[in-house]
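**Student:** In the numbering used here, the protein residues as written are 1 to 160.
1. Residue 58 to residue 71, Cα distance in whole Å?
2. With distances taken between CB atoms, is the gap from residue 36 to residue 107 smaller than 8 Å?
3. Mind reading off the beta-carbon distance from residue 161 to residue 38? Whole number of angstroms is fine, and I expect it under 8 Å.
4. Within 10 Å of its beta-carbon, does residue 8 have 16 or more other beta-carbons around it, so buried, or fewer, so exposed?
5. Using the three-state DSSP reduction, which class does residue 6 fall into: helix, strand or coil?
6. Measuring only the C-alpha atoms, how far is residue 61 from residue 19?
7. Would the region 133-144 count as touching the region 82-102 if we require 3 or more Cβ pairs under 8 Å?
8. According to the Cβ coordinates, are residue 135 and residue 105 closer than 8 Å?
9. Could you check how far apart the C-beta atoms of residue 40 and residue 12 are, in whole angstroms? I think they sit under 8 Å.
10. Thinking C-beta only, is residue 10 closer than 8 Å to residue 24?
11. Going by C-alpha to C-alpha distance, which of 93, 69, 91, 132 sits closest to residue 54?
12. Buried or exposed: residue 90, going by 16 or more other Cβ atoms within 10 Å of its Cβ?
13. Opposite residue 30 in the DSSP bridges: which residues?
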């Protein structure tokens, strides 16, 4: 009999669906729910085609003044998003959330050279070459990645 192994974070199986939207907020901080989803998936081995850092989550850690390892331990020890938030609020300057949110909202592909560098990882940009804002790219890429019509193309874009 082939029994399914219960995942500690069943909602964070990013092999079957994307993480929460980059625009989702927790405690007034953008991208935090998405980062929690990715860390939970990494902890249980279900990260799929996603990565935690380097990338926007890595910038989030840097701007908050925490490390990925510290955040990962907090997520591992927490039983809910609210506990992760409580851990974060106890360690960082929450008055910076507005500034960090603005930095996240405007983060974009810098120029044509940068576009060429990210294109192999985000082939959806071949279909949407006008996209430059990372939130918009992630939203389109999340839909594209889980569209069965793109299954063969997606296999070649997984981070190494």
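C-beta atoms are modelled at their ideal positions from N, C-alpha and C, and glycine is treated no differently.
**Tutor:** Based on what the coordinates show:
1. 11 Å
2. no
3. The structure shown has nothing for residue 161, since the chain only spans 1 to 160.
4. exposed
5. coil
6. 18 Å
7. no
8. yes
9. 4 Å
10. no
11. 69
12. exposed
13. 25
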